[in-house]
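Chemist: Pasting a structure here, questions to come.
Number of protein chains: 2
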Amino acid sequence: MSEVTIKSIAKALDLSPATISRALNDSHEIKRATKDRVLAYAKKHNYRPNTFAKNLKTGKTNLIGVVIPFLSSPFFLEFIDELYRVALPSNYTLVPFQTQNQEAMEKEALLFLRQQNVAGIIISPAHENSNVALLEDMHLNGCPIILFDRIQHGLQTHKIGIHNSMETYQATETLLKKGRKRIAFLCGKDIGNTKDRIRGYKNALLNHGVAFLEEYIIYVDYQDPNQAIDEELKTRLGELKDKNLLPDAIVSGTDTLSIKILGVLGSLAIRIPEDIAVIGFTNTNLADYLAPALSTIQQPTQEMAKLAFELLVELMDKKSDSGAADYKSFLLAATTVYRKSSLI
Amino acid sequence: MSEVTIKSIAKALDLSPATISRALNDSHEIKRATKDRVLAYAKKHNYRPNTFAKNLKTGKTNLIGVVIPFLSSPFFLEFIDELYRVALPSNYTLVPFQTQNQEAMEKEALLFLRQQNVAGIIISPAHENSNVALLEDMHLNGCPIILFDRIQHGLQTHKIGIHNSMETYQATETLLKKGRKRIAFLCGKDIGNTKDRIRGYKNALLNHGVAFLEEYIIYVDYQDPNQAIDEELKTRLGELKDKNLLPDAIVSGTDTLSIKILGVLGSLAIRIPEDIAVIGFTNTNLADYLAPALSTIQQPTQEMAKLAFELLVELMDKKSDSGAADYKSFLLAATTVYRKSSLI
DNA sequence: TAATGTTTTTTAAACGTTTATGTTGTTTAT
DNA sequence: ATAAACAACATAAACGTTTAAAAAACATTA
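Listed in order, the protein sequences are those of chains W and P.
Counting with the UniProt record's numbering, you get residues 1 to 344 for the letters of the first sequence.
Counting with the UniProt record's numbering, you get residues 1 to 344 for the letters of the second sequence.
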């Protein structure tokens with residue numbers, strides 16, 4: 001396929017392949033004139049290095065694996081989108097994977113990335129400590145890894161996230177101060193950061209003297225992509241209503257559910273925020289347009305992406321300097337935007 | 001990095017590398033017993049073939065390049081999402097790229113994909129005939145290509161899209177039948193399929209005896225990602241109002257704009273659908289939740305993705321059968337869902 | 001001028017595969 | 001019994017790079 005190679009250039013210019021290779025890599029041991037000849041010829045004949053040969057020889061690639069649970073989640077989508085933007089001027093190429101929040105799929109992705117010998121990985125793991133052994137193995141073998149968003153994970157490396165419990169604490173407190181007492185917490189089963197977010201929610205209740213009710217933690221099974229989440233939500237709300245426990249406010253700790261709940265409440269003829277106020281984690285830029293406009297806890301996605309990329313590049317460049325492994329956790333500030341869904 | 005190779009296995013089992021390779025590839029000229037020994041050893045020691053060596057030798061990869069204008073557009077997002085789903089069970093790996101609708105970026109992506117020697121490409125081109133020479137070149141050199149969504153493009157290959165003019169014709173006609181006469185058409189400058197969609201819009205007007213007004217084609221420059229599209233939309237509507245030409249309906253021919261226009265009209269205190277009815281092209285599953293619920297012309301995204309993948313695999317398998325190049329254009333049926341934004 | 005140092009280039013091996021060709025030993029047909 | 005056919009493996013070259021080491025070319029110095 002690729003007709004023009006280092007060898008063919010060598011033959012054409014009556015030089016050795018070694019010289020061509022060095023000239024193309026701007027080695028100091030090739031004189032200016034020769035370099036110019038080679039570069040000119042290469043350009044003229046549209047020489048393109050064979051990635052596979054190069055990688056085979058050097059054992060290095062310029063690939064960055066990006067592993068996320070869902071592409072359809074506004075937060076992860078925005079993250080990837082920004083990642084593409086910051087990676088563009090660099091020489092690195094992104095290889096994204098979604099795991100559907102399943103450890104098995106995550107493993108497949110990681111094995112593939114390992115096989116591709118990626119230069120680094122940016123990952124929001126499927127679960128707490130999911131594939132931790134594999135990740136540690138790759139990490140030890142010189143593949144730098146950045147954890148983001150779901151940073152409660154055993155791997156020792158740079159981590160980028162937000163202060164989850166603090167965010168839900170404040171959201172819950174806001175609702176409490178507006179007089180809401182029956183506040184439910186909505187979250188996906190096995191969805192990252194849930195624990196921390198629930199903790200903040202509970203603490204807010206505690207500090208305001210409101211009793212915590214186990215029934216008010218609404219878990220929704222998220223695993224099955226084809227599942228009718230709307231239906232499940234309706235059922236769960238119906239159960240609460242039957243027990244005479246319909247909440248007067250909902251804090252959602254999960255991106256996608258924050259939006260779904262609006263539609264479900266609407267179809268049940270429950271008014272937002274009059275009957276139930278809603279504040280949710282999500283990063284959709286459509287929040288303003290929703291009915292009603294949704295109060296959101298938004299992660300600083302673009303900064304996270306930028307930081308993730310920069311930290312990774314730093315680690316990849318450092319290479320085997322084998323620094324004393326002083327990894328840091330970066331907790332960025334989230335922004336809560338109050339819109340109609342939580343006003344009273 | 002990869003410790004265990006064909007060579008090392010050969011040494012360990014006192015066989016030649018050729019035998020190991022053949023055993024791993026289940027060649028008929030290796031006897032059962034030997035194969036079993038090799039497979040067992042490989043499994044036990046976690047042998048992973050070196051992709052680069054393999055690709056270098058065979059000149060083939062299992063990569064599929066996916067080139068789209070925007071990842072942030074609901075339609076393309078859904079397309080990619082589904083593509084991942086159908087590609088998962090196969091042995092192919094997706095390498096997505098977004099071009100920001102810029103031919104230069106598209107070229108970069110294609111050059112990269114060519115360098116990676118991808119087995120095939122699925123693309124919705126930035127513009128009509130953008131990078132057509134490059135695409136043709138790659139195509140001729142044995143890289144099968146599937147065009148989707150924006151199929152008005154010079155490349156001769158399988159194409160998958162919808163009947164754009166028909167869809168906008170029907171949407172416009174619906175509005176006309178409800179008595180709207182001042183119908184504007186909203187679209188992105190240089191956004192694919194615009195021509196066809198405008199044609200359908202014009203024909204509907206024509207067939208219903210409503211005069212076409214040049215001012216009612218509202219082009220919005222889409223290129224600059226940081227541009228304040230909302231502001232631009234406001235300005236354009238303001239201009240129309242000043243000329244006493246405020247429309248009573250809007251058909252949007254562009255995914256993202258279909259959503260944006262809702263917010264803009266809202267902020268101008270224009271009622272939907274009373275003052276202005278809206279029907280738009282888009283595939284967001286949030287259409288129901290928007291304020292007001294948005295009438296949408298939805299492409300059959302998942303079928304498109306599935307078909308694109310299947311056709312591509314077929315072409316990749318066929319290889320150099322050099323079939324008489326009987327490429328087909330598949331025009332799938334879109335679905336128009338009428339919601340509140342277009343009811344009167 | 002010859003020895004020395006420096007710059008520039010070549011030689012050759014290697015990365016981990018695949019595959020055409022060669023070699024061996026065994027079976028089958030005549 | 002012997003030639004032919006086959007099964008099962010080994011040898012060796014190749015894919016397009018990179019890079020250590022050797023070699024050549026040139027420049028400098030005594």
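All residues carry an ideal CB built from backbone N, CA and C; glycine is no exception.
Assuming P:D230 and P:V278 form a contact by the criterion Cβ under 8 angstroms, report the distance between their Cβ atoms to the nearest whole angstrom.
Modeler: About 15 angstroms separates the two Cβ atoms, so there is no contact after all.
Chemist: Applying a beta-carbon distance threshold of less than 7 angstroms, which residues of chain P neighbour W:I162?
Modeler: Residues of chain P passing the Cβ test: none, with the nearest at roughly 22 angstroms.
Chemist: With a threshold of 7 angstroms on Cβ separation, who are the neighbours of W:Y84 within its own chain once the five nearest residues in sequence on each side are excluded?
Modeler: So the list reads L94, once near-sequence residues are dropped.
Chemist: Distance, Cα to Cα, W:A12 vs P:T61?
Modeler: Computed Cα separation, rounded: 29 angstroms.
Chemist: Taking the runs of the beta strand (DSSP E) that are 3 residues or longer, which of them lie wholly in the segment 81 to 110 of chain P?
Modeler: Runs found: 93 to 98.
Chemist: With a CB to CB cut of under 8 angstroms and the five nearest residues on each side skipped, what residues in its chain are close to W:L111?
Modeler: Hits under 8 angstroms: L134.
Chemist: Quick check on the DSSP output: what are the complete beta strand (DSSP E) runs of length 3 or more inside the segment 269 to 335 of chain W, in order along the chain?
Modeler: The qualifying runs are 277 to 281, 295 to 298 and 329 to 332.
Chemist: In chain order, what residues of the same chain have a beta carbon less than 6 angstroms from the beta carbon of W:P300, not counting five sequence neighbours either side?
Modeler: So the list reads L332, once near-sequence residues are dropped.
Chemist: With respect to the beta strand (DSSP E) encompassing P:L63, which residues constitute its N-terminal and C-terminal limits?
Modeler: L63 to I68 is the span of the beta strand (DSSP E), which, as asked, contains P:L63.
Chemist: Taking Cβ positions only, does W:V278 come closer than 8 angstroms to chain P?
Modeler: Not one chain P Cβ lies under 8 angstroms of W:V278.
Chemist: Buried or exposed: P:T168, going by 16 or more other Cβ atoms within 10 Å of its Cβ?
Modeler: P:T168 is buried by the Cβ-count criterion.
Chemist: Could you name each continuous alpha helix (DSSP H) segment of 4 residues or more that falls completely within the segment 177 to 260 of chain P, going from the start of the chain to the end?
Modeler: If we require 4 residues or more, the alpha helix (DSSP H) runs fully inside the segment 177 to 260 of chain P come out as 194 to 207 and 229 to 242.
Chemist: Nearest by alpha-carbon distance to W:V251: which of W:S73, W:T172 and W:A18 is it?
Modeler: With distances taken between Cα atoms, W:V251 lies closest to W:T172.
Chemist: Roughly how many angstroms lie between the CA atoms of W:E3 and W:I9, to the nearest whole one?
Modeler: W:E3 and W:I9: Cα-Cα distance of roughly 10 angstroms.
Chemist: Would you give the residue range spanned by the alpha helix (DSSP H) that W:K57 belongs to?
Modeler: Run containing W:K57: T51 to T58, per the alpha helix (DSSP H) assignment.
Chemist: Taking C-alpha atoms, which residue in P:H127, P:H139, P:Q98 and P:M105 lies nearest to P:V118?
Modeler: It is P:H139.
Chemist: Is there a C-beta anywhere in chain W that falls below 8 angstroms from the one on P:D81?
Modeler: Closer than 8 angstroms: yes.
Chemist: Pick helix, strand or coil for W:I20, following the three-state DSSP scheme.
Modeler: It is helical.
Chemist: Between P:I122 and P:I64, which are expected to be in contact by the criterion C-beta below 8 angstroms, what is the C-beta distance as a whole number of angstroms?
Modeler: That pair is a contact at about 7 angstroms.
Chemist: Using 8 angstroms as the threshold, is the segment 208 to 220 of chain P in touch with the segment 180 to 193 of chain P, meaning 3 or more CB pairs across them?
Modeler: Touching, yes, given that three or more Cβ pairs across the two stretches are closer than 8 angstroms.
Chemist: Which residues, in order along the segment 86 to 97 of chain P, keep a beta-carbon less than 7 angstroms from a beta-carbon of chain W?
Modeler: Here the close residues are T93, V95 and P96.
Chemist: In its own chain, which residues sit with a C-beta less than 7 angstroms from the C-beta of W:V210, not counting the 5 before and 5 after it?
Modeler: Counting only Cβ-Cβ distances below 7 angstroms, and skipping sequence neighbours, we find L176 and K181.
Chemist: Does the pairing of the segment 296 to 315 of chain W with the segment 334 to 341 of chain W give three or more beta-carbon distances under 8 angstroms?
Modeler: Short answer: they touch.
Chemist: Is W:D137 close to chain P? Criterion is C-beta to C-beta, closer than 8 angstroms.
Modeler: Judged by the 8 angstroms Cβ criterion, W:D137 is not in contact with chain P.
Chemist: Relative to the C-alpha of W:G280, which residue among W:F79, W:S341 and W:I270 is closest?
Modeler: Ranking W:F79, W:S341 and W:I270 by Cα distance to W:G280 puts W:S341 first.
Chemist: Against W:I259, what residues of chain P qualify as contacts under a CB-to-CB distance less than 8 angstroms, listed in chain order?
Modeler: Within 8 angstroms Cβ-Cβ: L286 and Y289.
Chemist: Between residue 346 of chain P and the rest of its own chain, which residues show a CB-CB distance below 6 angstroms, the 5 nearest in sequence each way excluded?
Modeler: Lying outside 1 to 344, the shown extent of chain P, residue 346 of chain P is not represented and no answer is given.
Chemist: Hey, does W:R48 have any beta-carbon neighbour from chain P nearer than 8 angstroms?
Modeler: Yes, its Cβ sits closer than 8 angstroms to a Cβ of chain P.
Chemist: In the segment 23 to 55 of chain W, which residues sit with their C-beta less than 9 angstroms from some C-beta in chain P, listed in chain order?
Modeler: Residues passing the 9 angstroms Cβ filter: R48, P49, N50, T51, F52, A53, K54 and N55.
Chemist: So if I threshold CB-CB distances at 7 angstroms, which residues from the segment 97 to 130 of chain P count as touching chain W?
Modeler: Result list: Q98, F112, Q115, Q116 and N117.
Chemist: What's the gap between the Cα of W:P292 and the Cα of W:S258?
Modeler: Rounded to whole angstroms, W:P292 to W:S258 spans 12 angstroms at the Cα level.
Chemist: Kindly say whether W:P273, judged by its beta-carbon, lies nearer than 8 angstroms to any beta-carbon of chain P.
Modeler: With 8 angstroms as the cut-off, W:P273 does not count as an interface residue toward chain P.
Chemist: Taking Cβ-Cβ distances shorter than 9 angstroms, what residues in chain P pair up with W:G263?
Modeler: Residues of chain P passing the Cβ test: L286, D288 and Y289.
Chemist: For a cutoff of 8 angstroms on Cβ pairs, would you count P:Y338 as touching chain W?
Modeler: So, not an interface residue.
Chemist: Curious, which full-length beta strand (DSSP E) runs of at least 3 residues does the segment 104 to 173 of chain W contain?
Modeler: Counting only runs of 3 or more, we get 120 to 123, 145 to 148 and 158 to 162.
Chemist: Check the Cβ of P:Y84 against every Cβ in chain W and list those closer than 8 angstroms, keeping chain order.
Modeler: Ordered by position in chain W, the residues that pass the 8 angstroms Cβ test against P:Y84 are L71 and Q98.
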